[in-house]
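Written below as C-alpha cells is the structure these notes are about.
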Amino acid sequence: LLYQYAQLIGARRIFEMGSAIGYSTIWLARGAGPEATVYYTDGDPKNAEEAQGYFERAGVAGRVKVLVGNSLELIHRVTGEFDLIFNDVDKHDYPAVFRLAVPRLRRGGLFITDNVFWSGRVARKAADKNTRAIQEFNRLLYSSPDLWTTLLPLRDGLAVCLKL
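If you count the sequence shown from 1, you need to add 903 to reach our numbering.
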C-alpha cells in the first residue's frame, strides 16, 4: 500500500518517522522510484545498521538517507517540504508528530500513520498514555481544516490524510 501511495502522488521527498529495520522504507523507496529521496529515521543505531543492509539488498540504498536519532528532532535537520510523511513512532509522540509533520507536507501530499486503531483500544475510555495519545491524534486529524482524513481498517488501522 505504501508503494502504491508513493507512486500515486509522484512522491520524490519522503520522510519516515520511526523506521525500525526499514521494511516500510524499502516499499516507499521502490514506489517513489530512482529519483526519490526517502529519509529513514530511527533512534537505535543497531536498527539503522541492519536496515542499511536490507536497503542494499533491495537495491534502494542510493535513494535512502539514514538518520539516527529522535524523529521529532531529525525532521528539523532536513529542509523543505515533503510529498509524503509516514509516521510510526512511539505512540505517546503521535500528537507531537501531527504538529511537526503537517506543516512540512506539501499541498496534495500524504500524511500516513500506522496503528491508529491500537487494537480497538481507541474506541474505549483510555487509562494509558499511549491510547490517550492516539485518541488525541485521531481527533487532531479529523478536526484539521488542512487535511482530508480516512482511517483504513487494515490490521491495526492506517490513517491516510491528504493535505488540502
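Even glycine gets a Cβ: it sits at the ideal position worked out from N, Cα and C.
Tell me which same chain residues have a C-beta within less than 8 Å of the C-beta of residue i, skipping the five on either side of it?
i: A999; result: L975
i: W1021; result: K994, N1033, T1034, I1037, D1059 and G1060
i: E1039; result: Y997 and P998
Along the chain, where does the alpha helix (DSSP H) that runs through residue i open and close?
i: L1043; result: K1032 to S1046
Where do the ends of the beta strand (DSSP E) carrying residue i lie?
i: T982; result: Where T982 is concerned, there is no enclosing beta strand (DSSP E), given that its DSSP letter is neither H nor E.
i: I994; result: Checking the displayed sequence, the identity of residue 994 turns out to be Lys instead of Ile. No beta strand (DSSP E) holds K994; DSSP gives it neither H nor E.
i: R916; result: R916 to M920
For residue i, collect the residues of the same chain with a Cβ closer than 6 Å to its Cβ; drop the 5 residues on either side in sequence, then sort them by chain order.
i: S922; result: T928, Y943, T944 and D945
i: Y908; result: L1013
i: V971; result: P948 and A951
Name, in chain order, the residues that DSSP records as bridge partners for residue i.
i: T1053; result: V1063
i: V1000; result: According to DSSP, V1000 bridges with nothing at all.
i: L1008; result: F985
Checking 8 Å against the spacing of the C-beta atoms, do residue i and residue j come in under that value?
i: V1005; j: L1054; result: no
i: A961; j: I924; result: no
i: D1059; j: D1017; result: yes
i: K847; j: R1027; result: Given that the chain is displayed from residue 904 to residue 1067, the structure contains no residue 847 and the question cannot be resolved.
i: F918; j: I1015; result: no
How should residue i be labelled, buried or exposed, when 16 other C-beta atoms within 10 angstroms of its C-beta is the threshold for buried?
i: R1042; result: exposed
Is there at least one non-hydrogen atom of the ligand GDP closer than 7 Å to the beta-carbon of residue i?
i: N1041; result: As presented, the structure is devoid of all ligands, the ligand GDP included, so that no description of it is given.
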